[in-house]
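Have a look at the structure below before the remarks.
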Amino acid sequence: MTNGQVTLPLVIKSGNGGGLRFGAQHSQSVENWAMAVPGVKVVTPSTPEDVVGLMAAAVRSDDPVLFFEHKGLYAAKGEVPDGEIVDILGTAKVRRHGKDATVLALGLMVPRALKAADRLARIGIDVEVIDVRSLVPLDTGTILESVARTGRLFTVEENPRLLGWGAEIVALVAEECFWNLDGPIQRITTPHIPLPSADSLEDAVLPSAESVALTIEKAMQA
């Protein structure tokens, strides 16, 4: 509306996600809600270093940034280099290199996807795990290059299946990499239901390392 004459350097940091038995009132994973708003950047780190680097990049942005930290990762530990760390918004990270399939994950689903990759490696399935980190802007280059090379794509999403962030990426891959695919794209998601607070029920509906590994194994052996 202002043709670039006005900027809005605003960062809103919020706890996000389930797995801590807070029920439907406090367990939503809402990155996909935010990414539907034009002009808003959406970031979700999965490691302590990324929290520092991506936050530094977010506060330097002239656009509003919604910075979603997963509550289930607050206790996570990791190495953070000394000195100033300023990351780049809109860049994904390859957390594990592989040749048989590409797995995209975000937030808490990143360590679960990595555990699933370790399980799959023991049976000879070598998957590449990409931490999306930023939904808006989206690192389409890293994603498309990986899918074109592996020929398979799986998304691991904590958000409910309907209109999840993976659906947008699947549409993009279908447009840009269709002829590179060796099999159907699969989305591994939470069902489209309010999250339960009972521990056994919440564990049953959220994607786990076991469910991710089993889904990928079944698809790759079909």
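Quick note on numbering: this note's numbering labels position 77 of the sequence shown as 716, and the sequence is numbered without any gaps.
Backbone N, C-alpha and C define an ideal beta-carbon position, used for all residues, glycine too.
Hey, how far is the Cα of Ala858 from the Cα of Asp765?
Counted from its first residue, the sequence shown places residue 858 at position 219. Counted from its first residue, the sequence shown places residue 765 at position 126. If I take the Cα positions, the gap works out to 13 Å.
The alpha helix (DSSP H) that contains Thr781, what's its start and end?
Taking the first residue of the sequence shown as position 1, residue 781 is located at position 142. 779-789 is the span of the alpha helix (DSSP H), which, as asked, contains Thr781.
Mind checking Asp821: buried by the 16 CB within 10 Å criterion, or exposed?
As a first step, residue 821 must be located in the sequence shown, where it is residue number 182. The residue is exposed, with fewer than 16 neighbouring Cβ atoms inside 10 Å.
Per DSSP, what kind of secondary structure is Glu718 in: helix, strand or coil?
Along the sequence shown, one-based indexing puts residue 718 at 79. Correct three-state label for Glu718: coil.
Residue environment, Glu642, which counts as buried when at least 16 other CB atoms sit within 10 Å:
By 1-based counting over the sequence shown, the position of residue 642 is 3. Residue identity differs from the one stated: residue 642 is Asn in this sequence, not Glu. Classification of Asn642: exposed, given that the 10 Å Cβ count is below 16.
Within this structure, are the beta carbons of Ser666 and Leu834 separated by less than 8 Å?
Translated into the one-based positions of the sequence shown, residue 666 becomes position 27. Translated into the one-based positions of the sequence shown, residue 834 becomes position 195. Yes.
How big is the Cα-Cα spacing for Ile855 and Thr646?
Numbered from its first residue, the sequence shown carries residue 855 at position 216. Numbered from its first residue, the sequence shown carries residue 646 at position 7. The straight-line gap from Cα to Cα measures roughly 44 Å.
State the DSSP-derived secondary structure class of Gln860, mapped to helix, strand or coil.
Residue mapping note: residue 860 aligns to position 221 of the sequence shown, counting from 1. DSSP places Gln860 in helix when its eight states are reduced to three.
Suppose only complete runs of 4+ residues qualify. What are the alpha helix (DSSP H) ranges in the stretch 751-827, listed by chain order?
779-789, 804-815
If contacts are defined as beta-carbon pairs under 8 Å, then Leu753 and Arg735 qualify, I think. What distance do you get, rounded to the angstrom?
Locating residue 753 in the sequence shown gives position 114, where the first residue counts as 1. Locating residue 735 in the sequence shown gives position 96, where the first residue counts as 1. Sure, about 6 Å apart at Cβ, within 8 Å.
Reduced DSSP secondary structure (H/G/I, E/B, other) of Val645
Here residue 645 is taken as the residue at index 6 of the sequence shown, counted from 1. The answer is coil: DSSP assigns Val645 none of H, G, I, E or B.
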